[in-house]
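Heads up: the sequence shown begins at 207 in our numbering, then just goes up one per residue. By construction, the Cβ of each residue, glycine as well, lies at the ideal position given by its N, Cα and C atoms.
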Amino acid sequence: MIAKRRDSRYQPGRRCASWVKDKHWNTQEVVIGGWRAGEGGRSSGVGSLLMGIPGPGGLQFAGRVGTGLSERELANLKEMLAPLHTDESPFDVPLPARDAKGITYVKPALVAEVRYSEWTPEGRLRQSSWRGLRPDKKPSEVVRE
Numbered sequence: 207m208i209a210k211r212r213d214s215r216y217q218p219g220r221r222c223a224s225w226v227k228d229k230h231w232n233t234q235e236v237v238i239g240g241w242r243a244g245e246g247g248r249s250s251g252v253g254s255l256l257m258g259i260p261g262p263g264g265l266q267f268a269g270r271v272g273t274g275l276s277e278r279e280l281a282n283l284k285e286m287l288a289p290l291h292t293d294e295s296p297f298d299v300p301l302p303a304r305d306a307k308g309i310t311y312v313k314p315a316l317v318a319e320v321r322y323s324e325w326t327p328e329g330r331l332r333q334s335s336w337r338g339l340r341p342d343k344k345p346s347e348v349v350r351e
């Protein structure tokens, strides 16, 4: 959606403060199934989290989220996820190679909320962004919305 001042004119090829684009965002609760090591400035810890939605055979992989996480949140999450480490994947099917690189699996015990633009045909959240943990929710309560 575009919001604009009534008296403003379109300016081809330019951005101006008179026209503001505002996207519609959805939210989804997800279960954290693992984390991927960071790169660059995040190389010492968590770079992104692997998200899933509970299903009959385990978590259904819903993608990764790293956008929106502050350095403090990343450090706190690393501490919270350390005791949940497991060698077995909590996901119902093997992850695609590009998503499985450098990951640490965790027991599916923590629920988070993310913002996203849409679901892809592959069942992944597009343009996901971290909103925060949901300590009030159990993994068994998470459903695809």
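TODO: Could you give the DSSP three-state label for Leu290: helix, strand or coil?
DONE: Your numbering for residue 290 matches position 84 in the sequence shown. Three-state DSSP puts Leu290 in a helix.
TODO: Report the three-state DSSP secondary structure of Pro327 (helix, strand or coil).
DONE: Working through the sequence shown from its first residue, we reach residue 327 at position 121. If DSSP states are grouped into helix, strand and coil, Pro327 belongs with coil.
Task: Which residues DSSP lists as bridging Pro260, in chain order - done: Your numbering for residue 260 matches position 54 in the sequence shown. DSSP, once it has assigned bridges, lists Leu265 as partnering Pro260.
- [ ] Could you tell me the distance, in whole angstroms, from the CA atom of Asp213 to the CA atom of Glu279?
- [x] Within the sequence shown, the letter at position 7 stands for residue 213. Within the sequence shown, the letter at position 73 stands for residue 279. Spanning the two alpha carbons is a distance of roughly 43 Å.
Open item on the list: Quick check: the Cα distance between Gly239 and Arg211, rounded to an integer number of angstroms?
Closed with: Counting from 1 along the sequence shown, the entry for residue 239 is found at position 33. Counting from 1 along the sequence shown, the entry for residue 211 is found at position 5. Straight-line Cα distance between these residues: approximately 45 Å.
TODO: Just tell me which of Arg304, Ala223, Lys229 and Leu255 has its CA closest to the CA of Val237.
DONE: Sequence index remark: in the sequence shown, residue 237 carries index 31 (1-based). Between Val237 and the set Arg304, Ala223, Lys229 and Leu255, the nearest pair of CA atoms involves Leu255.
Task: Gly338 classed as buried or exposed, judged by whether at least 16 other C-beta atoms fall within 10 angstroms - done: As a working mapping, residue 338 is identified with position 132 in the sequence shown. With a 10 Å radius around the Cβ and a threshold of 16 neighbouring Cβ atoms, Gly338 comes out exposed.
Open item on the list: Looking only at its chain, what residues have a beta carbon closer than 6 Å to the beta carbon of Arg321, apart from the 5 residues adjacent to it on each side?
Closed with: Here residue 321 is taken as the residue at index 115 of the sequence shown, counted from 1. Correct list, in chain order: Trp231, Thr233, Ser335 and Arg337.
Task: Endpoints, alpha helix (DSSP H) assigned at Ala223 - done: For the purposes of this step, residue 223 is taken as residue 17 along the sequence shown, with counting starting at 1. Looking at the DSSP string, Ala223 is not in any alpha helix (DSSP H), and its letter there is neither H nor E.
Open item on the list: Quick check on the DSSP output: the alpha helix (DSSP H) that includes Arg337 runs from which residue to which?
Closed with: Reading the sequence shown from its first residue, position 131 is the one you call residue 337. Segment Ser335 to Leu339 is the beta strand (DSSP E) holding Arg337; no alpha helix (DSSP H) there.
Task: Closest Cα partner of Glu235 within the set Arg332, Gly258 and Val252 - done: Within the sequence shown, numbered from 1, the residue matching residue 235 stands at position 29. In terms of CA proximity to Glu235, Gly258 leads the group Arg332, Gly258 and Val252.
Task: Proximity winner among Arg332, Lys343, Ser323 and Ser346, relative to Lys229 (alpha-carbon distances) - done: Position 23 of the sequence shown, counting from 1, holds the residue named residue 229. Nearest C-alpha to Lys229: Ser323.
Task: Sub-9 Å separation of Leu290 and Val312 beta-carbons - done: As a working note, residue 290 is residue 84 in the sequence shown. As a working note, residue 312 is residue 106 in the sequence shown. Contact: yes.
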